[in-house]
Amino acid sequence: MSAVDASRVPATVDRARSRRRARRRNSRSALLFLSPWLIGFGVFTAWPLIYSVYLSLTDYDVINDPHFIGGQNYVELFQDPKVALALGNTLFFTVIQVPLHVLVALVLALLLNRAGRSAGVFRTIFYLPKMTPPVAVGILFLLLFNGQNGLINTVLGWFGITGPAWTTDPAWVKPGLILMSLWTVGASVIILLAALQNVPDELYESARLDGAGFWRQSMSVTLPMISPALFFIIVINTIGALQTFDEAYTAFFGSGNTTYSNDAALFYVIYLFQQAFEFLHMGYASAMAWVLFALIMAVTAVQLIVSRRLVYYEGETDR
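Read in order, the letters of the sequence shown correspond to residues 1 to 319 in the UniProt record's numbering.
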């Protein structure tokens with residue numbers, strides 16, 4: 001090694017040490033700024049999540065100390081007819097509500113995409129119901145869908161149609177809740193509208209030059225280009241539907257009305273809530289929560305697998 005090269009070695013080492021010290025300082029600063037969130041996440045999310053796994057293996061009523069019983073809660077859960085009822089109601093609601101939600105949101109987004117300057121006003125109008133508290137939506141459901149003097153049946157009566165007993169007939173309780181859930185479709189409309197506005201006009205021009213009509217353009221250009229947004233909405237709304245609680249609980253359980261059976265509105269999370277906070281079966285409720293978590297993970301995994309063949313992402317060529 002020459003004398004010149006030897007003189008450069010200490011300077012190179014010093015610069016490397018300075019960079020390492022700078023990285024350590026930056027890391028400490030980042031952790032310092034993140035520490036409030038990290039502490040909050042650990043105390044209020046991570047620890048309760050881990051502890052709930054232990055509680056699901058115990059008999060715990062809040063008052064007395066948890067008593068370890070192994071997997072007995074899970075065995076009872078799969079033998080409980082109320083769990084089967086609640087899960088069936090939840091799956092029925094999800095299977096009908098999610099496609100209907102996506103369809104209505106897509107139609108409204110397509111209309112807004114052609115609205116021109118007035119689209120801004122309608123975007124606000126469609127999104128405002130999303131800001132309505134869920135409890136208020138539950139009360140609104142009782143007012144609109146009242147079988148005797150509700151607005152929905154009143155309007156149907158104008159056309160000579162006798163409306164059903166939405167809130168008391170078990171056959172119509174879930175369809176009524178599904179229709180009411182469309183009240184908050186505005187957020188999905190905004191997402192799909194943004195996706196539609198990002199579709200390049202050149203693709204439509206090329207399709208028209210090839211003789212494609214509106215339907216062919218929609219199937220070959222519009223849907224593939226907005227498929228990531230559609231997939232996002234489907235996943236998020238599926239997770240939300242499987243956790244349906246607020247509106248149904250407010251309308252059918254919150255008032256304490258026992259004059260008729262409300263089993264048709266007994267969704268899984270409502271039954272979980274009852275077990276935890278009405279019957280104080282915290283261990284059993286924790287087991288129910290983990291079963292729901294496993295169900296949501298399984299459904300989401302299936303959706304992700306299916307999306308590999310149906311969702312188009314720009315920049316990906318191996319399709």
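Cβ atoms here follow ideal geometry from the backbone N, Cα and C, with glycine treated the same way.
Taking the straight line between their C-alpha atoms, what separation do you get for ASP201 and THR222?
Within the sequence shown, numbered from 1, the residue matching residue 201 stands at position 201. Within the sequence shown, numbered from 1, the residue matching residue 222 stands at position 222. In a straight line, the C-alpha of ASP201 is about 11 Å away from that of THR222.
Could you have a look at ALA16 and say whether DSSP puts it in helix, strand or coil?
Here residue 16 refers to the residue found at position 16 when the sequence shown is read from its first residue. Annotated three-state conformation of ALA16 is helix, per DSSP.
Three-state secondary structure (DSSP) at THR167?
For the purposes of this step, residue 167 is taken as the residue at position 167 of the sequence shown. Three-state DSSP puts THR167 in coil, outside helix and strand.
So what does PHE68 bridge to, in DSSP terms?
Taking the sequence shown and counting its residues from 1, the one referred to as residue 68 is at position 68. THR58.
Which runs of the alpha helix (DSSP H) fall wholly inside the region 203-277 and span at least 4 residues, in chain order?
The region 203-277 contains these whole alpha helix (DSSP H) runs: 214-217, 223-242, 246-252, 268-273.
Closer than 7 Å: is that where the CB of ILE39 sits relative to any heavy atom of the ligand ZN?
Among the ligands in the structure shown, none appear at all, so the ligand ZN cannot be discussed.
Could you check if HIS281 is buried or exposed, using at least 16 other CB atoms within 10 Å of its CB as the buried criterion?
Locating residue 281 in the sequence shown gives position 281, where the first residue counts as 1. Under this definition HIS281 is a buried residue.
CB contact flag (GLY138, ALA265, <8 Å)
Position 138 of the sequence shown, counted from the start, is the residue given in the question as residue 138. Position 265 of the sequence shown, counted from the start, is the residue given in the question as residue 265. Cβ atoms of GLY138 and ALA265: not closer than 8 Å.
Whole angstroms are fine: how far does the CA of PHE93 sit from the CA of MET225?
Numbered from 1 along the sequence shown, position 225 holds the residue referred to as residue 225. Numbered from 1 along the sequence shown, position 93 holds the residue referred to as residue 93. In this model, MET225 and PHE93 are separated by some 29 Å (Cα to Cα).
Does the Cβ-Cβ distance between LEU142 and THR167 come in under 8 Å?
Here residue 142 refers to the residue found at position 142 when the sequence shown is read from its first residue. Here residue 167 refers to the residue found at position 167 when the sequence shown is read from its first residue. Result yes, Cβ atoms of LEU142 and THR167 sit closer than 8 Å.
Which one of ASN89, ALA229, TRP158, PRO129 has the shortest CA to CA distance from TYR312?
Looking up residue 312 in the sequence shown gives position 312. When the alpha-carbon of TYR312 is set against those of ASN89, ALA229, TRP158, PRO129, the nearest one is in ALA229.
Can you have a look at SER27 and say buried or exposed, based on whether 16 or more other CB atoms are within 10 angstroms of its CB?
To locate residue 27, count along the sequence shown from 1; it is residue 27. It counts as exposed.
How about VAL235 and THR300: are their beta carbons less than 8 Å apart?
By 1-based counting over the sequence shown, the position of residue 235 is 235. By 1-based counting over the sequence shown, the position of residue 300 is 300. Closer than 8 Å, so yes.
Between which two residues does the alpha helix (DSSP H) holding ALA287 run?
As a position in the sequence shown, residue 287 is number 287, starting the count at 1. Counting along the chain, the alpha helix (DSSP H) containing ALA287 begins and ends at 282-310.
According to DSSP, is ASP201 helix, strand or coil?
Walking along the sequence shown from the start, residue 201 turns up at place 201. Here DSSP, grouped into helix, strand and coil, assigns ASP201 to helix.
Check for me: the alpha helix (DSSP H) holding VAL107 runs from which residue to which?
For this step, residue 107 is matched to residue 107 along the sequence shown. Residues 81-113.
What's the C-alpha gap between GLN197 and GLY88?
Against the sequence shown, residue 197 aligns to sequence position 197. Against the sequence shown, residue 88 aligns to sequence position 88. Using only the alpha carbons, I get a separation of about 39 Å.
Throw me the rounded Cβ distance for the ILE190 and TYR127 pair, which I believe falls under 8 Å.
Residue numbering aside, residue 190 sits at position 190 when the sequence shown is read from its first letter. Residue numbering aside, residue 127 sits at position 127 when the sequence shown is read from its first letter. Yes, they are in contact, since the Cβ atoms of ILE190 and TYR127 sit about 6 Å apart, within 8 Å.
C-alpha gap between PHE245 and PRO134, whole angstroms:
The sequence position of residue 245 within the sequence shown is 245, counting from 1. The sequence position of residue 134 within the sequence shown is 134, counting from 1. Distance between the alpha carbons of PHE245 and PRO134: 9 Å.
Pick from LEU106, LEU112, LEU292 that is closest to LEU182, judged by C-alpha positions
Here residue 182 is taken as the residue at index 182 of the sequence shown, counted from 1. Selected option, being the one with the closest Cα: LEU106.
From residue 324 to TYR74, what distance separates their C-alpha atoms?
Residue numbering for the chain in the displayed model covers 1 to 319; residue 324 lies beyond these limits and cannot be assessed.
Would you mind sorting HIS101 into buried or exposed? The rule is 16 or more other CB atoms within 10 Å of its CB.
Along the sequence shown, one-based indexing puts residue 101 at 101. Buried, because 16 or more other Cβ atoms sit within 10 Å of the Cβ of HIS101.
If I follow the unbroken alpha helix (DSSP H) through GLY157, where does it start and stop?
What you label residue 157 is simply residue 157 of the sequence shown in a count that begins at 1. It spans 151-158 - the alpha helix (DSSP H) in which GLY157 sits, taken as one unbroken run.
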